[in-house]
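Be aware that the sequence shown starts at 14, since it is given in the working numbering, and climbs by one per residue.
Backbone N, C-alpha and C define an ideal beta-carbon position, used for all residues, glycine too.
Quick caveat, the model's predicted, so the values are computed rather than measured.
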Amino acid sequence: MLDNRLKKIAELVSGEGIAADVGTDHAYLAAELINSGKCSRVIASDVKEGPLEAARNTVERYGIQDKVELVLSDGLDNIDLSGVSDVIIAGMGGETIAAIIDDVKIDSIDKMNIRWVLQPMTKPEILRRKLYENNMEITGEYVAEEGDKLYVIMTAEYSPFPRRLTEAESICGFFDDEDETANKYRKREAERLEKVADSLEKAGRAPEAEHYRSLAQKVINGIGVENVCDVIDHLNELYPFAAQEKWDNSGYLVESSDQECSKVLLSLDISYDVVNEADCKGAELIISHHPVIFEPRKRIGRTDPVYRLIESGIGAVCMHTNLDIAAGGTNGVILRKLSEKLDVKGIPVPFEELGGGNCLGWIINLKEPVTVKELAETCKSIFGCQYVRTTREINPLVSKIAFCSGSGGSMLDLAAEKECDALITGDVKHDVWIDANNRGIALLDCGHFHTENIVLWELRRALEEKFPQLDIEIAERSVDPCQYV
Numbered sequence: 014m015l016d017n018r019l020k021k022i023a024e025l026v027s028g029e030g031i032a033a034d035v036g037t038d039h040a041y042l043a044a045e046l047i048n049s050g051k052c053s054r055v056i057a058s059d060v061k062e063g064p065l066e067a068a069r070n071t072v073e074r075y076g077i078q079d080k081v082e083l084v085l086s087d088g089l090d091n092i093d094l095s096g097v098s099d100v101i102i103a104g105m106g107g108e109t110i111a112a113i114i115d116d117v118k119i120d121s122i123d124k125m126n127i128r129w130v131l132q133p134m135t136k137p138e139i140l141r142r143k144l145y146e147n148n149m150e151i152t153g154e155y156v157a158e159e160g161d162k163l164y165v166i167m168t169a170e171y172s173p174f175p176r177r178l179t180e181a182e183s184i185c186g187f188f189d190d191e192d193e194t195a196n197k198y199r200k201r202e203a204e205r206l207e208k209v210a211d212s213l214e215k216a217g218r219a220p221e222a223e224h225y226r227s228l229a230q231k232v233i234n235g236i237g238v239e240n241v242c243d244v245i246d247h248l249n250e251l252y253p254f255a256a257q258e259k260w261d262n263s264g265y266l267v268e269s270s271d272q273e274c275s276k277v278l279l280s281l282d283i284s285y286d287v288v289n290e291a292d293c294k295g296a297e298l299i300i301s302h303h304p305v306i307f308e309p310r311k312r313i314g315r316t317d318p319v320y321r322l323i324e325s326g327i328g329a330v331c332m333h334t335n336l337d338i339a340a341g342g343t344n345g346v347i348l349r350k351l352s353e354k355l356d357v358k359g360i361p362v363p364f365e366e367l368g369g370g371n372c373l374g375w376i377i378n379l380k381e382p383v384t385v386k387e388l389a390e391t392c393k394s395i396f397g398c399q400y401v402r403t404t405r406e407i408n409p410l411v412s413k414i415a416f417c418s419g420s421g422g423s424m425l426d427l428a429a430e431k432e433c434d435a436l437i438t439g440d441v442k443h444d445v446w447i448d449a450n451n452r453g454i455a456l457l458d459c460g461h462f463h464t465e466n467i468v469l470w471e472l473r474r475a476l477e478e479k480f481p482q483l484d485i486e487i488a489e490r491s492v493d494p495c496q497y498v
């Protein structure tokens, strides 16, 4: 009666109490659990009356009406979980299963005694992440083969030690390395990721393509380990720490308790929330743009990110001005993105030449002038900011544009000296706005955070190209510290 998928699900049910089969369809699984003697009682539910009628026919055919309770329910809404030892949700999309679990009122159930047997038809990575967000842990993951179909099946339980999954972990899953069927699934998943990478490459999205290739390698080979010093040496080759400004404090500022790392978190700033995220995801190293130690400290309190770093044994590498001025650094990323969006004429020139192939910002010339509003919309698209502050449109059309990431308002004089029509930057002070209006230069303030946070994707690409087995994650908590009301 059961196919290989349902047989495997039945095998994984503990049978220690009542089993709840959500989305039972024809109740074939419920009948098997009763007839095999594995369960003495099953609650079988479905969201529609039609499937429940089919389930009723199955239950009557086997004469198990007294052991199978049929319930009309959207997810677990109408199911009493008292005494339930196993919740089975199979044959739905991963997002749907995740939403059902998300809606469970945790305080109303004996959560520590429930085993979840889950079989997503699509997007298992979304389900895996959601399980851990709900303080659950995947205790086993398997693949059932039926013809040319491969079905992912997982078991999960609530964990007293909650953690969070990285993107790579959510895609790789938790299969046994010796499971040949699981390895067949891994190979297919890696091939899918490679195809995504090829499509991104053709679309000119190289950093994202590199990321998907790295994910494909991790699916096949697992997440690897690298020496922290090797990672820092590679960063130093790309963005030499010696090139930083004298007032800066870039470098390996907080040493990790481990000499090796498998997970690295990237963030613009190392806030308390970012350190907590790194700790929850098991990252041994955080790489940030802004230094976590900048001004001298007289004391380090419990709310200081440095305290949390040391307490958690997490290392911190900070790359500030050395990343801003390097050819492939912050301003290099902005140059590439502007060149993709605008019709640029000729070769871009350095805004402020620093020697050694380094510069602070760039100047581009457009083939055809654009309005300040059009340029602002382009900036919003590139930086992902909600709004752009601009000078009042004294100069309605601009064609020679300078830009500098971060806080570049002080470079207005240089922009005027080089006869630029516009300056794109962030963190502009009031007096600079007055000056820009007086000079007739279009000033666009896209925000300090937004003009710099975009470098994280290039940083991930550079690291994954060198260390494809490292699990490198852009922090979810690398967010604008301000909200706009």
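In this structure, the CA atom of F307 is about 30 Å from the CA atom of A449.
Annotation for E29: S98 place their beta carbon closer than 6 Å to its own, counting only its chain and skipping 5 residues before and after.
The C-alpha of D493 is placed about 36 Å away from the C-alpha of M167.
Counting only runs of at least 3 residues, the segment 139–192 fully encloses the following beta strand (DSSP E) elements, listed from N- to C-terminal order: 149–159 and 162–171.
About 5 Å separates the beta carbons of I299 and L278, which is inside the 8 Å limit, making them a contact pair. Pairwise C-beta distances place the segment 211–223 out of contact with the segment 422–442, as fewer than three of them are shorter than 8 Å.
Between L281 and L410, the gap from beta carbon to beta carbon reaches 8 Å or more. Counting only runs of 3 or more residues that sit fully inside the segment 343–393, the beta strand (DSSP E) segments are 357–368 and 371–384, in chain order.
Assigned with DSSP and collapsed to three states, L281 falls in coil, not helix or strand. Per the Cβ contact rule, the segment 376–386 is not in contact with the segment 313–328 (fewer than 3 Cβ pairs under 8 Å). By the Cβ neighbour-count rule, M125 is exposed, with fewer than 16 other Cβ atoms within 10 Å of its own. Here S352 is exposed. Its C-beta has fewer than 16 other C-beta atoms within 10 Å. A direct Cα-Cα distance of roughly 24 Å separates V346 from W260. DSSP places C293 within a helical segment (H, G or I) once states are collapsed to three. Pairing G106 with T152 gives a Cβ-Cβ distance that is not under 8 Å.
For a cut-off of 8 Å, the C-beta gap from A296 to I236 is around 12 Å, too long to register as a contact. The alpha-carbon separation between P220 and L25 amounts to approximately 41 Å. Looking at V287, S284 and C242, the one whose alpha-carbon comes closest to that of S269 is C242.
In the three-state DSSP reduction, Y265 falls in the strand class (E or B). According to the DSSP assignment, D444 belongs to no beta strand (DSSP E) but to the alpha helix (DSSP H) extending over H443 to R452.
At a Cβ-Cβ threshold of 8 Å, V81 and A43 count as neighbours. Within the same chain, L15, L42, E45, L46, S49 and K51 come within 8 Å of A23 by CB-CB distance, once the 5 residues on both sides are set aside.
Contact annotation: I184 and V238 have beta-carbon atoms that are not nearer than 8 Å.
Residue environment analysis places I360 among the exposed positions, since fewer than 16 neighbouring C-beta atoms fall within 10 angstroms of its C-beta. The distance from the Cβ of C372 to that of P363 is about 3 Å, consistent with a contact at the 8 Å cut-off. Going by beta carbons, E159 and I139 fall outside the 8 Å limit. For S325, the uninterrupted alpha helix (DSSP H) run begins and ends at P318 to S325, by DSSP. Taking 8 Å as the upper bound for CB-CB distance, S418 and E465 are in contact here, some 5 Å apart.
For C417, the enclosing beta strand (DSSP E) begins and ends at L410 to S420. When the five nearest sequence neighbours on each side are left out, the beta carbons in the same chain lying within less than 7 Å of the beta carbon of D189 are those of A195, in order along the chain. Here the alpha carbon of K413 sits roughly 7 Å from the alpha carbon of L379.
Assigned with DSSP and collapsed to three states, D337 falls in helix. Exclusion of the five residues before and after A40 leaves A57, A68, T71, V72 and V81 as the residues of its chain whose Cβ lies within less than 7 Å of its Cβ.
For L476, the enclosing alpha helix (DSSP H) has its first and last residue at V468 to K479. The three-state reading of DSSP puts K215 in helix, counting H, G and I together. G36 is not a Cβ neighbour of A111, given a cutoff of 8 Å.
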